[in-house]
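>
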Amino acid sequence: MRSAVRGPVLTYSGDPFAAGLDSTMHYEPDAIVAMEAGRITHFGPAEKIDPLLPPDLDVTPYGKDALISAGFVDCHVHYPQVPMIASYGEQLLDWLNTYTFPVEQKFSDKDFARSVASAFLRESLRSGTTTACVYCTVYPQSVDALFEEAEALGMRLAAGKVMMDRNAPGPLLDTPKSSYDESKALIGKWHGRGRLMYAITPRFAGTSSREQLEAAGALCREHPDCYMQTHVAENKSEVAWIEGLFPERQGYLDIYDHYALCRPRAVFGHGIYLSDAEMQTVHRTGSALAHCPTSNFFLGSGVFNLRRAVTQERPVRVGLGTDLGAGTSFSMLSTLNEAYKAAQLSGYALSAGHAYYLATRGGARALYLEDKVGSIAVGMEADLVVLDMKSTPAIAYRMQFAESFEQALFIQMMLGDDRAVQATYVAGRPVYRRDAQGDL
Ligand code: GUN
Ligand code: ZN
């Protein structure tokens with residue numbers, strides 16, 4: 001299938017934290033992006049690309065108030081927690097016991113899992129997110145449910161079965177052997193099937209025995225091209241508890257390092273309380289951190305210092321995560337808003353140019369996918385989001401006074417949300433149109 005879109009385009013060709021915005025951020029006020037068989041075939045100024053396209057190709061015009069970019073990348077999210085987003089009153093460990101573990105038990109029912117997976121993916125696409133790294137539950141059928149739905153949509157998605165064998169209700173516990181066997185079977189079934197990828201998922205050191213972390217390490221060794229996702233240093237009580245569970249280790253991250261879980265394609269959620277030495281380990285091992293600001297503020301976990309993470313002396317890969325259902329929004333724009341505030345509280349300002357990089361190519365780089373998604377260039381997979389830069393009356397009003405593209409972008413980041421998403425494309429196919437009547 002061939003298709004094309006026309007309008008203003010924002011994309012990145014490199015890492016602005018390393019090389020600056022001038023050489024890495026590209027804004028084209030009137031561009032065409034043409035797509036075929038799931039990939040971008042043409043991209044450039046409209047007057048240059050238009051003559052190269054077949055005359056019968058329909059080019060969808062989005063106009064000067066739109067902004068076309070690569071689809072957003074969510075590096076850390078729990079789809080089973082969608083039914084309990086916005087649950088009141090607790091911090092991490094109590095929140096897990098009070099709200100999270102009860103709802104996750106419902107995912108032994110495959111039909112329930114499918115209905116939540118479908119709602120989760122639809123809402124992600126409605127928010128412009130086209131790639132995500134997703135936690136399922138301990139039940140393998142909850143993984144099947146998500147992958148089946150994502151496959152039908154053609155999404156590039158990583159996900160995995162949560163491994164947990166202690167400190168949770170009985171029905172949610174597996175064993176080192178069953179978690180290894182079930183994960184292995186799911187890898188064989190799903191990893192590399194179309195655009196789907198498997199993430200080995202020990203929930204966190206608090207819910208895994210040493211033997212289970214050993215099993216996760218074995219899976220990582222046997223499947224180096226799979227992801228590994230877990231949580232680290234999110235909350236002060238959690239850090240103290242987990243360091244007490246593993247007194248033989250040098251700290252929280254050293255537990256994971258000891259079991260060979262720190263590696264390329266390892267994605268650690270949060271990392272607020274990592275020491276400088278631990279940041280060095282993240283850097284050295286090619287692991288990534290998922291910055292989850294809406295969740296960190298909602299649970300009162302703390303403030304992630306992005307500048308410290310990306311310092312050029314030992315930069316670590318950082319992507320953004322919604323971390324639903326501790327996070328409070330599907331929208332990457334809302335997540336950028338909170339990332340800006342987290343940066344302010346850490347003593348610096350996060351520019352819109354750097355922030356959009358994190359939401360797109362930066363997230364892709366954290367997942368070692370920057371050669372596939374996260375930017376607009378010939379040969380890249382054709383996942384796009386089309387923003388409406390005047391999506392609410394207040395934003396439209398404010399935009400009259402914007403004096404530059406950077407200012408306009410910052411206004412979107414601070415005031416925009418899911419309403420700003422006009423259209424979403426997955427593999428060249430429109431999968432969401434805000435103003436569409438009925439099915440696409
Ligand atoms: N740490 C262990 N499990 C979880 C979870 O489900 N959500 C968050 N935010 N942190 C965790
Ligand atoms: Zn999480």
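The opening residue of the sequence shown carries number 1 in the working numbering; numbering runs sequentially from there.
For each residue, glycine too, the CB sits at the ideal point set by N, CA and C.
Just so you know, these numbers come straight off a predicted model, no measurement behind them.
#1: Measuring only the C-alpha atoms, how far is serine 237 from histidine 231?
#2: Please classify tyrosine 88: is it buried, with 16 or more other beta-carbons within 10 angstroms of its beta-carbon, or exposed?
#3: Which first and last residues belong to the beta strand (DSSP E) in which glutamine 422 is found?
#4: Which of helix, strand or coil does DSSP assign to histidine 26?
#5: Rounded C-beta distance between proline 55 and alanine 31? I'm assuming under 8 Å.
#6: Helix, strand or coil for histidine 354, going by three-state DSSP, please let me know.
#7: I'd like the span of the beta strand (DSSP E) that includes aspartate 111, first residue to last.
#8: Who pairs with serine 69 in a beta bridge, going by DSSP?
#9: Would you say histidine 223 touches the ligand GUN, meaning its beta carbon is less than 7 Å from a heavy atom?
#10: Could you name the residues, in chain order, whose CB is less than 6 Å away from a heavy atom belonging to the ligand GUN?
#11: Any contact of the stretch 72 to 82 with the stretch 119 to 137, i.e. 3+ C-beta pairs under 8 Å?
#12: Along the beta strand (DSSP E) that carries isoleucine 200, what are the first and last residues, could you check?
#13: When the Cα atoms are used, what is the spatial distance from leucine 157 to serine 124?
#14: Is the closest heavy atom of the ligand ZN to the C-beta of glycine 269 under 7 Å?
#15: Mind checking aspartate 22: buried by the 16 CB within 10 Å criterion, or exposed?
#16: By DSSP, does cysteine 75 sit in helix, in strand, or in coil?
#17: By the DSSP assignment, the alpha helix (DSSP H) with valine 303 in it spans what residues?
#18: Quick one, are the C-beta atoms of valine 5 and leucine 384 less than 8 Å apart?
#19: According to DSSP, is glycine 44 part of a helix, a strand, or is it coil?
#20: Assuming valine 282 is part of the alpha helix (DSSP H), what are its boundary residues?
#21: Looking only at its own chain, which residues have a Cβ that is under 7 Å from the Cβ of valine 38, when we skip the five neighbours before and after it?
#22: Do the CB positions of valine 82 and leucine 324 come within less than 8 Å of each other?
#23: CB of histidine 76 to nearest heavy atom of the ligand ZN: below 7 Å?
#24: The beta strand (DSSP E) with tyrosine 99 in it runs from where to where?
#25: Can you name, in chain order, every residue of its own chain whose Cβ lies under 6 Å from the Cβ of alanine 266, other than the five neighbours on each side?
#26: Less than 8 Å between the beta carbons of asparagine 235 and leucine 153, yes or no?
#27: Is the beta carbon of glycine 353 closer than 8 Å to that of glutamate 403?
#28: Can you tell me which residues form a DSSP beta bridge with arginine 429?
#29: Do you know offhand how far tyrosine 273's Cα is from alanine 290's?
If we stick to the structure as given:
#1: Taking C-alpha positions only, serine 237 is separated from histidine 231 by approximately 14 Å.
#2: It counts as exposed.
#3: It spans 421 to 426 - the beta strand (DSSP E) in which glutamine 422 sits, taken as one unbroken run.
#4: The answer is strand: DSSP assigns histidine 26 an E or B state.
#5: For a cut-off of 8 Å, the C-beta gap from proline 55 to alanine 31 is around 19 Å, too long to register as a contact.
#6: Looking at histidine 354 - three-state DSSP - the assignment turns out to be helix.
#7: Per DSSP, aspartate 111 belongs to no beta strand (DSSP E); it is in the alpha helix (DSSP H), 110 to 126.
#8: Under the DSSP definition of a beta bridge, serine 69 partners with Val385.
#9: Placement of the Cβ of histidine 223 at a distance of 7 Å or more from every heavy atom of the ligand GUN is found.
#10: The set, ordered by position in the chain, is His78, Leu92, Leu96, Thr100, Arg203, Phe204, His231, Glu234, Ser295, Asp323 and Ala326.
#11: For the pair of segments examined, the stretch 72 to 82 was found to touch the stretch 119 to 137: the number of CB pairs separated by less than 8 Å reaches three.
#12: Start and end: 196 to 202.
#13: Rounded to whole angstroms, the gap between the alpha carbons of leucine 157 and serine 124 is 12 Å.
#14: Yes.
#15: So aspartate 22 ends up on the exposed side.
#16: Cysteine 75 falls in the strand class under three-state DSSP.
#17: No alpha helix (DSSP H) contains valine 303, which DSSP labels as neither H nor E.
#18: Annotated as proximal: valine 5 and leucine 384, with beta-carbon spacing under 8 Å.
#19: In this structure, glycine 44 counts as strand in the three-state DSSP scheme.
#20: Run containing valine 282: 276 to 285, per the alpha helix (DSSP H) assignment.
#21: The sequence as given places glycine at residue 38; valine does not occur at that position. Within the same chain, glycine 38 has close Cβ partners Glu381, Ala382, Ala427 and Gly428.
#22: Between valine 82 and leucine 324, the CB-CB gap stays under 8 Å.
#23: Yes, the ligand ZN has a heavy atom inside 7 Å of this Cβ.
#24: Looking at the DSSP string, tyrosine 99 is not in any beta strand (DSSP E), and its letter there is neither H nor E.
#25: These residues qualify, in order along the chain: Met228 and Ser287.
#26: Contact annotation: asparagine 235 and leucine 153 have beta-carbon atoms that are not nearer than 8 Å.
#27: At least 8 Å separates the beta-carbon of glutamate 403 from that of glycine 353.
#28: Answer is Val426.
#29: Roughly 13 Å between the two C-alpha positions.
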